Each structure stands twice: as C-alpha cells, then as structure tokens.
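Data block below; observations after.
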Amino acid sequence: MSNQIIRAEKLSKSYKEGKGKLSIFDSINFKLEEGESVAILGSSGSGKTTLLNLLGGLDKPNAGTVWVNGHDVHKLSERKKGLVRNEYLGFVYQFHHLLPEFTALENVCMPLLIGKTPKAVAIEKAKELLARVGLSERIAHKPSELSGGERQRVAIARALVNDPKCVLMDEPTGNLDEGTANNVQQLIMELKDQLKTSFVVVTHDLALARKMDRVMHLEEKTLKDITEQ
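In UniProt numbering, the protein residues as written are 1 to 229.
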C-alpha cells in the first residue's frame, strides 16, 4: 500500500428519496498508484462526481473505506481531513471556483497560506506555477479579467501549488470551447509528465481519457476497468 496514493474498498453511496433511497453505486473498489493517471467515464447521473468527492474526502460514503496516502479519511475529524486534503490532494472543477475578489496570484497562493507557508515563499511558488501554465503576464488580473481557458489554468496552478500527491479533476475541459479545451488538455498532459503527479480525471472528453494510463467506466452502480477495450 506504500505506493498507493488513493485506495477505496467496498464503497457505497445512496441518498434518501421520499420514503426510500436512491442507490448511486454499491461496493466498488478503486486504487491509484503513485504517478498514475486514471480517467473515469460514465453517463450523466452515473455518480462520477459523487465518486470523486468521496475519494477526496469531500463527501461521506454510506459504507466502505477511503485511504489517502495511508490515512483513513472518513475516520478523521473535519479539521484533520482538511489538513490531509491540503497536503496530499489538489482539486480542479469544471467551473474554476476562483475567488473573484483576488488576483490570479492571490488565488494560487491560497492553499499555501492556509498551510501556514510564509507569504514570500508562497508568492514565489505561485509565480513559478503560473509561469508553468503560461500566465506570467496575467498574475495581477482578477478572474473577471481572464478568459475561460485562463481561469482554468489558474485553477490548475492552484491545485498543483502544494505539490500534491494527486490532483482530482472534475470535467476540467467540460466548460470550454474546443480550441481552449485542447490547450488545457495538452497542459494537463505536460504537467503529468513533468511533475509525476497522480491524476484522477472525471471526463466526457474521450481524447483526454485515452491519454491516461487507465480508463474506467462507472455505470449501473459498478466501476469497471476498460483500458484494454
């Protein structure tokens, strides 16, 4: 288990629906090795985002266990869970979720400052990541002054600034036009190769999925590896 960044065993999730319950998935297993990238495909409503949130400790399963770098995250207090997320995980969403009142630089600095990194160190690291994603000239701009693709690149830089073991991405190209989506897709692959970070990517983008080490399909409450299909 020493090289497994994320491991989930017998994971189940359901929600109350009237007097009954709506089962999203039952007893699924998942593992992610250090430096590995995995795409998760599935139709809308199949539970892909729910699964990603469970793997990242943002939601609780009805049954099953999730380990993040050896930590049983759903047995931790909310404070410790937050510390584990901040240390080991980065998150990128379809909608960038940048803080509108802060600049690109300040948004990228935020995870470091939350982790008590000295401000000067945080600024230098954030500048380095923004340069890596091609935004050196845009660091003083607020989200409203950036294009959709630029906002997503800021979000990717923010996810990587803490040197996480794994980045969890929920439809990172889903809200972008084709040309911008291709650019962001290329950036993800470059960063994957350069930084040796693990990635879990929920996506409908088949071109992006095929570039991952493994492809899995979530459908009918089960998660299957379809890499070789």
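By construction, the Cβ of each residue, glycine as well, lies at the ideal position given by its N, Cα and C atoms. This one's a predicted model, so the numbers in the text were calculated from it and none came from an experiment.
- According to the DSSP assignment, Ala-155 belongs to the alpha helix (DSSP H) that extends over 148–160.
- In the three-state DSSP reduction, Val-215 falls in the strand class (E or B).
- About 12 Å separates the beta carbon of Val-38 from that of Arg-210, a gap too long to meet the 8 Å contact definition.
- Sequence-distant partners of Pro-164 (beyond 5 residues in either direction) whose C-beta falls short of 8 Å from its own C-beta, in its chain, are Glu-87, Tyr-88, Leu-89, Gly-90 and Thr-197.
- Residue pairing for Glu-9: DSSP places it in a beta bridge opposite Thr-65.
- In this structure, the beta-carbon distance from Gln-185 to Leu-208 falls below 8 Å.
- As the crow flies, the alpha-carbon of Ser-136 is around 19 Å from that of Glu-101.
- Within 10 angstroms of the beta-carbon of Arg-7 lie 16 or more other beta-carbons, which makes it buried.
- Minimum Cα-Cα distance from Leu-113 among the listed residues Arg-158, Ala-140, His-97 and Leu-146 corresponds to Arg-158.
- Proximity of the stretch 54–66 to the stretch 6–26 meets the contact definition, three or more beta-carbon pairs being nearer than 8 Å.
- If you draw a straight line from the Cα of Gln-94 to the Cα of Gly-20, it comes to about 31 Å.
- As DSSP reads the structure, Phe-91 sits in a beta bridge with Leu-168.
- With contacts defined as CB atoms closer than 8 Å, Leu-218 and Gly-47 qualify as a contacting pair.
- Glu-190: not part of any beta strand (DSSP E); member of the alpha helix (DSSP H) spanning 178–195, first to last residue.
- Between Leu-52 and Leu-168 a beta carbon distance of about 5 Å is seen, short of the 8 Å cut, so the two are scored as contacting.
- The shortest C-alpha to C-alpha distance from Glu-220 to any of Gln-4, Lys-13 and Asn-3 is the one to Lys-13.
- Annotated three-state conformation of Lys-119 is helix, per DSSP.
- The beta carbon of Pro-111 is closer than 7 Å to those of Asn-86, Arg-158, Val-161 and Asn-162 in its chain, skipping five residues each way along the sequence.
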